[in-house]
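Input: a single structure, listed below in structure tokens.
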DNA sequence: AATGAATGAGTCTTCATTCAT
DNA sequence: GATGAATGAAGACTCATTCAT
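Chains as they are written, first to last, in this note's numbering: chain A, 26 to 247; chain B, 26 to 247; chain C, 26 to 247; chain D, 26 to 247.
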């Protein structure tokens, strides 16, 4: 019943504050180019304190990546599996909503970070592949397959389709932390929700049965 | 008729050898994590020699990026503009061939490198945007617009389409130097030519006029 | 009343310890030939610590020079201006005492150092000229002029006299850190106080009014 | 009788050209801060050529110092010993002429260089002491003693007098290559001949027998 | 003889990590 | 727990010297 003291609360929040700071800086500048003192400063503590919570800079990287994004992927799986609309709608509506959330979360940076640091830290590659890429792809593959099973989509190799769907979504996140962050935002990518939607609509059109009347999504006025 | 001496020949080849070595290592490990001595060693020379040809490590990075890829983009523009087939064919055939060449060239690494280092070196962002992104997008936009003008494609916002087309192509190159290089090759992405083709066919299907019979590409057996 | 901890005390003393070490080594070996690690070692710290207090070796040089000597010059001005004896006495007695103090202080090395490094660091030239040379010369010029005004000295161009007076004093300091430090001490210069005195007596004799009886300094037994 | 070819002439002149270049640069920047390639460039040859004539940079320094100045000192001794005027005249006239020649010769830089590098190269100290300092002082000591023997000068310790005479002359040369070279020329020292003369006149006055009428130098207008 | 490409030891400087306070 | 002074290994870059041409 006793309130945790302010200090107590700070203490418990520290690890997360440090991870947030680390993630932001690693995404921005890269692991090697980020000084651990910068991470501490951004989290509002001193250099020494960082080492009370994490044994090394490398450990900080791994924790930051591990902790972020996996949850978002899992959440996506839950939503999609819970959903019971037609597949076209799910493909466009649900996927857009889900990814817009990811886009605006700190997790969006993990794609860039993982790509960048993977080759220097092989454990990262394994983790990223197993915890992010595979579940993510499986998630979308399920969605696509369901649509084929229901007759909404043509029967083509689902794995190819999955990548046509997901790769722009990922690169959009990467773009946010590279070109866009440098002020070179492509106009098309400045409104992520719209871009994602249009992209998925185009894919949807490519997937649809030739004869099937486009009745599943009514009025997609932009 | 006099042969250039071996030493002479090496001297002229040195800058390119160093740039090649630098590009490969920077793409693999990142700029900050690559030691300049490693670059020299990979080019078969000593540390000091590197500095005979490039004034600093940073300069080496910029030169390596500048020199690669721009030519490939320009080449793509030439091919596409010279081509006079129907747009569907160009979208699938010509784009696939062009990108497969890029995928297998050292330039493929530049996408990853640019993404990674851009925020640390703003000049890189400007260069990459102006010399790679804009020409590349313009190239594809021309192709798409042409197809709309000829009645082959539906009239939708071309910029969105461009990104749906190109983003997987770019991420495929990035993938080559990240997950794939770590041994986590997604099966679908192991045969780039096939993946690109299937991706473009899916987009093509999404672009095509509803009533138009799919006769433009005869026999697309996989 | 609480004692500053040993660590605390060291921290405050560090900059001066480093400056002392730097001055000694730069005077001995020259700026370029002194390794920054040597400076640190002489101050009893490690390489890295040096850079906690000074941003660069060059900065260390400038600080070392700036900090030393100016105070001695100012002190000289104070003494002389406060003094109210006859000019002959001041010329010989006060000047000797003042310069003997300089000779035995670490500041004596600054003459050599400034001469040596000035051309590589133009700011040093400006500083040395304005803070050392000009005040020093002005000081002695005042003394000489006073003697002329009082009728003790002949009226001749004071600026020439100033240099005849001061140049041996300066070169004596330089000598301490060059030939003498190499073991080639000229016998005459081994007793700086005596040499200075004899030099100033000779100058005094050259300055004195022909008819003036040499009563101002009684008994100059050496 | 055959003219040496141009190439021949160059070849024979090379060592001296290199020594001149080396001396100028070492005096200006110091030994450690001068790159041997700079020396070669100033002499109009390539780096490699330097090493055809001198085995090392250090050797170049020693040769440059050894070769310069000793001759000037010897020449001074010859002139003075050959001269048969009264000592006052010699002190002022001959010494001024001699030193003005030194001041304007490249040898003037050797004083600064020797002072600067002596402690890093002990052989230099020995050489400089034996070949420059001692002969130079002996020369002036002879002059002074002669004047005492002839009754023109007071009998005081000649060694002190020697240094009062010579130290400003030396420092004047040092000044030429330090403050003056940096654009901070003291007005008094801008006309070396005048300064030297005035300095020597002042010393002369200090040396002269009290009762002796100043007839030895007639009309010393300025 | 002359050149200048190449070398690698040497130096400045940074920064992850430790530890006394 | 928190701090930040101290460390020293590591890395960018320089330059005296060599040697193939």
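Even glycine gets a Cβ: it sits at the ideal position worked out from N, Cα and C.
None of these values were measured; they are calculated from a predicted model.
Is it right to say residue i is buried, meaning 16 or more other beta carbons lie within 10 angstroms of its own, or is it exposed?
i                      : result
residue 213 of chain C : buried
residue 60 of chain A  : exposed
residue 96 of chain D  : exposed
residue 203 of chain A : buried
residue 201 of chain D : buried
residue 74 of chain C  : exposed
residue 110 of chain A : exposed
residue 144 of chain A : buried
residue 108 of chain A : exposed
residue 38 of chain A  : exposed
Closer than 9 Å by beta-carbon distance: list the chain D residues that pair up with residue i, in chain order.
i                      : result
residue 137 of chain C : 140 and 141
Kindly list, in the order they appear in chain D, the residues whose Cβ is closer than 8 Å to that of residue i.
i                      : result
residue 224 of chain C : 185, 188 and 189
residue 220 of chain C : 185 and 188
Assuming residue i contacts residue j under a Cβ cut-off of 8 Å, what Cβ separation, rounded to an integer in Å, is found between them?
i                      : j                      : result
residue 131 of chain C : residue 78 of chain C  : Contact doesn't hold; Cβ gap of about 18 Å is too wide.
residue 160 of chain A : residue 98 of chain A  : 5 Å
residue 177 of chain B : residue 113 of chain B : 6 Å
residue 128 of chain C : residue 197 of chain C : 7 Å
residue 179 of chain B : residue 232 of chain B : 6 Å
residue 209 of chain D : residue 154 of chain C : 4 Å
residue 104 of chain C : residue 125 of chain C : About 13 Å; that fails the 8 Å criterion.
Just to make sure I have the definition right: I need the residues of chain A whose C-beta is within less than 8 Å of the C-beta of residue i. Which are they?
i                      : result
residue 102 of chain B : Near residue 102 of chain B there are no residues of chain A at all, since even the closest Cβ is about 18 Å away, more than 8 Å.
Please go through the same chain and pick out, in chain order, the residues whose beta-carbon is closer than 6 Å to the beta-carbon of residue i, but skip the five residues on each side of it.
i                      : result
residue 246 of chain C : Summary for residue 246 of chain C: the model assigns pLDDT 41, below 50, so the residue's position carries little reliability; its value from the coordinates is reported in the next sentence. Around residue 246 of chain C: no qualifying Cβ.
residue 42 of chain D  : 68
residue 56 of chain D  : 86 and 142
residue 234 of chain B : 179
residue 72 of chain D  : 62 and 65
residue 46 of chain B  : 64, 67 and 68
residue 102 of chain C : 164
Check the Cβ of residue i against every Cβ in chain B and list those closer than 7 Å, keeping chain order.
i                      : result
residue 203 of chain A : 140, 143 and 144
residue 213 of chain A : 184, 185 and 188
residue 193 of chain A : 188, 189, 192 and 193
Enumerate in chain order the residues of its own chain whose CB-to-CB distance from residue i is below 7 Å, with the five nearest sequence positions on each side excluded.
i                      : result
residue 94 of chain B  : 132, 135 and 157
residue 117 of chain C : 222, 225, 226, 229 and 242
residue 26 of chain A  : Low confidence applies to residue 26 of chain A: its pLDDT is 44, below 50, so where it sits in the model is not reliable enough to give any reading.
residue 88 of chain C  : 44 and 79
residue 92 of chain D  : 44
residue 48 of chain C  : 89, 93, 131 and 134
Kindly list the residues whose CB is nearer than 8 Å to the CB of residue i, restricted to its own chain and excluding five residues on each side of it in sequence; keep chain order.
i                      : result
residue 199 of chain A : 136, 137 and 140
residue 50 of chain B  : 59, 63, 64 and 67
residue 121 of chain B : 218, 221, 222 and 225
residue 35 of chain B  : none
residue 187 of chain A : 162, 165, 166 and 169
residue 106 of chain A : 167
Under 7 Å between beta-carbons, which chain A residues line up against residue i? List them in chain order, please.
i                     : result
residue 69 of chain B : The premise fails here: residue 69 of chain B is roughly 23 Å from chain A at the closest Cβ pair, so nothing lies under 7 Å.
Identify the contact partners of residue i in chain C, using a Cβ-Cβ distance below 7 Å as the criterion.
i                      : result
residue 54 of chain D  : 144 and 145
residue 196 of chain D : 192, 195 and 196
residue 57 of chain D  : 55, 57 and 58
Which residues of chain A have a Cβ atom closer than 9 Å to the Cβ of residue i, listed in chain order?
i                      : result
residue 231 of chain B : 226, 227, 228, 229, 230, 231, 232 and 233
residue 49 of chain B  : Within chain A, no residue comes near residue 49 of chain B; the closest Cβ sits about 12 Å away, beyond 9 Å.
Can you pull the chain D neighbours of residue i, defined as C-beta to C-beta under 7 Å?
i                      : result
residue 207 of chain C : 143, 144, 147 and 150
residue 199 of chain C : 140
residue 154 of chain C : 204 and 209
Practice problem: Kindly confirm or deny that the segment 215-232 of chain A and the segment 144-154 of chain A touch, where touching means at least three C-beta pairs closer than 8 Å. | Solution: Verdict: no, contact absent.
Quiz item: Is it true that the segment 220-228 of chain B meets the segment 181-195 of chain A, where meeting means three or more beta-carbon pairs spaced less than 8 Å apart?
Solution: The segment 220-228 of chain B is in contact with the segment 181-195 of chain A.
Quiz item: Hey, is the segment 162-170 of chain B in contact with the segment 178-187 of chain B, meaning 3+ C-beta pairs nearer than 8 Å?
Solution: The segment 162-170 of chain B is in contact with the segment 178-187 of chain B.
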